[in-house]
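Residue numbers (UniProt numbering): 1 to 389.
Glycine included, every Cβ here is placed at the ideal spot set by N, Cα and C.
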Amino acid sequence: MATQAQPQSQQPVDPSQAQGAQIPLQSFTLPNFPPEARGLKALTLTSDIKLDDYTSLLSDSATIPPLPPSIESLTLELFSLGYPPGFLGGLSQNLPNIKSLVVYSQLFGGISKESEKDGVRFFENLKGLRALHLLDVFAKPHFFDAVGEVLRSYTSESSDRKSLMFLEVNYSFRHEDEEFLPRIQATELPALIGPGLITCSLNISSPDVTDDPDDPTNLRAEGEEAENGGTGSKEGIMAFNKTLATHIVKALTQPGTAPTALRVLNTTLYTFSLDDLKKVLEVQKKLSVLSCTVEIEPTELCKNDLLRALNSCPDLEQVEIVSNPTHRSPTLARTFPSKEDMVALSKKCPKLASFKATVLKTTSMGAVEWTKGEDGEWKGGVIDGTEKQ
């Protein structure tokens, strides 16, 4: 068989034309960048450090070579135990023009007080940061509080910081890990919220479901496979109890921290009461997209309270409600809007195009889905759980 020509997208890129670079690191020593990389826009550093070597490398002194100042986007992946003191501070000093930061799967701030302080210094140096994405990122107590104080310091008259505009915090729920939620700093993450945000997401997502019997997340105690083809035990999510929603409700509603032009809000990591939701939406009236976890009972009174809360946001286009605690399919019709309710709601929210409600993001327990067609008619309703499996 004749060898096919290599696709254009896979052919080597002239270093002077490259927009991004990904560097796997087996230590905390960065390579020197050639002069041709002076136009680089994005840099990804991925840990390829052996676990047996990691702890000893954390005591190494960190030296960062000169980096292309053109870099505006930085991604840090899989640094499970953090960084040696001085690494993050030196990295940020050499990248003064970072606007977007993605941190993925790690204990950011590391395991020592010195590395924590260096992690805070890292954010102090990123004065132009506009977008922050924390994906499965954990930290020791008080770290996120300190970072939040730095991010909000732009409100000071003497500050030369720019305001953070996009905040994404996401955790992929792990059913097999009983200590998963307790490891998340629930009361500190809202400290990252500030007045300049346009998008604010503190989300918890369902785990990726596979049929692989060797996947450890498909095993119950004593190595026994889960039911339903190995996926039944890991459906949906759990969210923080409503008692832990106090801090995020305050951050979204109080002057000095509440965003003033928020368009997209996702708070599914926290469970709101209907009163919490009402308080937030009475302040955040400019929302276009809303996703939230709400404790809602299957009564007409609670359903009407939900609809009244949504009425506060006339620009809403998409709504997702995650119900907590659980209610099975037969009560969904009483818990969430009917077609008549959607018609009435769209009079208050004329841009509304879709409404979705699930029980803790499960599929087996049914859902309510409404979509407005081009003719203005609402189509959908209760979807039985068996239809979504």
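Measure the Cβ-Cβ separation of residue i and residue j and say whether it is below 8 Å.
i, j, result
"R334", "T358", "no"
"L202", "T253", "no"
"L81", "Y104", "no"
"L192", "L167", "yes"
"D60", "L88", "no"
"L352", "K372", "yes"
"P195", "P259", "yes"
"L181", "F240", "yes"
"L244", "L197", "no"
"V249", "K279", "yes"
"L43", "I64", "no"
"F123", "V150", "yes"
"T155", "H247", "no"
"R161", "T257", "no"
"W370", "P337", "yes"
What does DSSP give as the partner residues of residue i in its beta bridges?
i, result
"residue 406", "Because the chain in this structure spans residues 1 to 389, residue 406 falls outside the shown range and cannot be described."
"Y83", "DSSP lists no partner for Y83."
"N241", "DSSP, once it has assigned bridges, lists no residue as partnering N241."
"A357", "I321, V368"
"S159", "According to DSSP, S159 bridges with nothing at all."
"V102", "T75, H133"
"S112", "None; S112 has no bridge partner."
"N266", "S201, S291"
Is it buried or exposed, residue i, if we count other Cβ atoms within 10 angstroms and call 16 or more buried?
i, result
"I23", "exposed"
"E116", "buried"
"I184", "buried"
"G110", "buried"
"L281", "buried"
"E235", "buried"
"Q26", "exposed"
"R38", "exposed"
"G148", "buried"
"A344", "exposed"
"P84", "buried"
"L301", "exposed"
"K113", "exposed"
"S73", "buried"
Using the three-state DSSP reduction, which class does residue i fall into: helix, strand or coil?
i, result
"D136", "strand"
"E168", "strand"
"T144", "For the record, residue 144 in the displayed sequence is Phe; it is not Thr. Three-state result, F144: helix."
"L126", "coil"
"Q93", "helix"
"S273", "coil"
"A131", "strand"
"G380", "strand"
"I248", "helix"
"E179", "coil"
"S309", "Here the sequence assigns Ala to residue 309, which means Ser is not the residue at that position. Here A309 sits in helix by DSSP."
"S304", "Position check: residue 304 holds Asn in this sequence, whereas Ser was assumed. In the structure shown, N304 sits in a helix (DSSP, three-state: H, G or I)."
"L51", "helix"
"D107", "The sequence given here has Leu at residue 107, not Asp. Of the three classes helix, strand and coil, the one that applies to L107 here is strand, per DSSP."
"G39", "helix"
"E374", "coil"
"D60", "coil"
"E222", "Residue placement at E222 cannot be trusted, given a pLDDT of 39 that sits under 50; what the coordinates show is reported in the next sentence. Of the three classes helix, strand and coil, the one that applies to E222 here is helix, per DSSP."
"R121", "helix"
"R206", "Inspection of the sequence shows that residue 206 is occupied by Ser rather than by Arg. In this structure, S206 counts as coil in the three-state DSSP scheme."
"D315", "coil"
"S153", "helix"
"L345", "helix"
"L189", "helix"
Among the options, whose alpha-carbon lies nearest the alpha-carbon of residue i?
i, options, result
"K41", "H247, V368, K99", "K99"
"F355", "K140, V382, P65", "V382"
"L169", "H133, L290, K140", "Sequence check: residue 169 is Val here, not Leu. Per the Cα distances, H133."
"G90", "L67, S112, L307, L332", "L67"
"T293", "P96, N125, L265", "L265"
"A269", "T362, P141, F79, S172", "Note that residue 269 is Leu in the sequence shown, not Ala. Selected option, being the one with the closest Cα: S172."
"K348", "D305, D315, A21", "D315"
"residue 411", "R121, S112, Y83, V137", "The requested residue 411 does not occur in the structure, where the chain is confined to residues 1 to 389."
"N94", "L58, F33, A139, S47", "F33"
"Q19", "F28, E36, L30", "E36"
"K50", "L277, E369, F79", "F79"
"K286", "D341, T199, P69", "T199"
"I296", "S323, G86, N304", "S323"
"N304", "F138, L290, M342", "M342"
"G128", "R308, S92, S291", "S92"
"T271", "I204, P255, V283, Q284", "I204"
"T331", "K140, K242, V368", "V368"
"K361", "I237, E374, R174, R308", "I237"
"A131", "Q106, N125, V102", "V102"
Any heavy atom of the ligand ZN closer than 7 Å to the beta-carbon of residue i?
i, result
"E374", "This structure does not include the ligand ZN; it has no bound ligands of any sort."
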